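Residue numbers (this note's numbering): 55 to 480.
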């Protein structure tokens, strides 16, 4: 009986200590909010494209080094990793933020609006954090600073992963999560679990959404090359028009979704995002190129769509007297939240955000190369509200008018901090 009472007292003491630990950490988080917002504004004003995040990486690395962490740079070209060892032994948890911008010219009225330009695939373009990666960087830098002040409360190690090229490396280059894994980011020390978040311009500040199992889609990039026969624009009968064939192929692809895919089981998307062909109004060109993406959440549906698109492109081109080939590149697999880890994460997130502020969501057809980390180890990915409450027309991600409310980042710092602590200290 005495042993039981002693054990009970020890257990209650641990619970009380953990509650106090969390309160102390949250106080430090609230103190750093203004600094995190300043970091976010800097990164938003100075975005860099995938595999070109050199200045971004320098600023991140300098901050982590100032906290006394072991810091690795140059992982996957521009990736940065900081290692924070707690005062007590234990497991290893990773927290990840993506750091690249997009070739989008910003069109809003923010005082820290990006004016950066660069060349993307041979075309000059504005560069913008049009997906919120600037907030992800700033949030994780904030978590790193707060956690570095509380090493005595950490049982194990936190690995801070700042990942380049989430939007995909330039053609012909490696990059992103795949390359970081290839270069050993989940080793030395071996990571036991990983957490990541994504700001969401369509979800109100203070809200978190997630689900177990598949949360984001597998992403394929495809390139269709159509070959015809050039001729004068006034005499199309003397040639084979690759632009006309391209239009028929695009139309045909959509029937795979509308007539062949069982959308009751899972959603799927085929999008052609770029068409290149021709030089003049009165010249029928010899070739055309279509570049696009396929999004799927079901492996069998993915295989069927790839098979049918490959067949259809060749068959439609042949029917009109031309030829067509299609090349495939897998950009991400399904982002899969480990069910057991997600169940624990939901409990943590509800404690941080409030029961009513953590909501279940349906899977989305966006893609994330965070999925490659989850392929190797258990992981949880969730969405963080970044929309000003009451805004009835938020601007979508990847658009020139995209905006995020700075007030959303505080909950992100709290969430990642507590997820790491709860995982290591359970």
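Beta carbons are placed, not taken as given, at the ideal position from N, Cα and C, and that holds for glycine. Just so it is clear, the structure is predicted and the values come from calculations on it, not from any experiment.
Neighbourhood of residue i by C-beta, 6 Å cutoff - its chain only, sequence neighbours within 5 removed
i: residue 151; result: 190, 191, 194 and 216
i: residue 117; result: 195
i: residue 374; result: 299
i: residue 324; result: 307, 311 and 348
i: residue 336; result: 287
Outcome for residue i when other beta-carbon atoms lying within 10 angstroms are tallied against a minimum of 16
i: residue 239; result: buried
i: residue 252; result: buried
i: residue 224; result: exposed
i: residue 286; result: exposed
i: residue 106; result: buried
i: residue 410; result: exposed
i: residue 385; result: buried
i: residue 101; result: buried
i: residue 424; result: buried
i: residue 231; result: buried
i: residue 452; result: exposed
i: residue 446; result: exposed
i: residue 394; result: exposed
i: residue 228; result: exposed
Nearest-angstrom beta carbon gap, residue j and residue i [assumed within contact, 8 Å]
i: residue 457; j: residue 162; result: 6 Å
i: residue 222; j: residue 144; result: Actually they do not touch by this definition, with Cβ atoms about 35 Å apart.
i: residue 417; j: residue 250; result: At roughly 16 Å, the Cβ-Cβ gap does not stay under 8 Å, so residue 417 and residue 250 are not in contact.
i: residue 465; j: residue 260; result: 6 Å
i: residue 427; j: residue 235; result: 7 Å
i: residue 266; j: residue 396; result: 4 Å
Alpha carbon of residue i to alpha carbon of residue j, nearest angstrom
i: residue 212; j: residue 83; result: 17 Å
i: residue 187; j: residue 454; result: 15 Å
i: residue 362; j: residue 271; result: 19 Å
i: residue 131; j: residue 313; result: 43 Å
i: residue 406; j: residue 246; result: 23 Å
i: residue 248; j: residue 401; result: 16 Å
i: residue 379; j: residue 277; result: 8 Å
i: residue 370; j: residue 303; result: 6 Å
i: residue 437; j: residue 254; result: 6 Å
i: residue 155; j: residue 328; result: 20 Å
i: residue 263; j: residue 87; result: 22 Å
i: residue 110; j: residue 408; result: 34 Å
i: residue 467; j: residue 421; result: 23 Å
i: residue 350; j: residue 419; result: 7 Å
i: residue 359; j: residue 387; result: 15 Å
Beta-carbon proximity list for residue i, same chain, < 7 Å, skipping 5 on both sides
i: residue 471; result: 79, 83, 197, 200 and 201
i: residue 75; result: Unreliable positioning characterises residue 75 in this predicted model, as indicated by a pLDDT of 40, which lies under 50. A coordinate reading is not provided.
i: residue 275; result: 347, 383 and 385
i: residue 256; result: 441 and 448
i: residue 98; result: 166, 168, 183 and 188
Chain-order list of residues whose beta-carbon lies under 8 Å from that of residue i (same chain, five-residue window excluded)
i: residue 123; result: 136, 137, 138, 198, 202 and 214
i: residue 319; result: 352 and 355
i: residue 339; result: 282, 284, 296, 297, 331, 332 and 333
i: residue 121; result: 136, 138, 198, 199 and 202
CB contact below 9 Å: residue i versus chain D
i: residue 192; result: No chain D appears in this structure, which consists of one protein chain only.
Are the segment 159-173 and the segment 128-139 touching by the rule of at least three beta carbon pairs closer than 8 Å?
-> With the rule of 3 Cβ pairs closer than 8 Å, the segment 159-173 does not count as touching the segment 128-139.
Quick one: any contact between the segment 365-382 and the segment 437-454, if contact means 3 or more CB pairs under 8 Å?
-> Touching, no, given that fewer than three Cβ pairs across the two stretches are closer than 8 Å.
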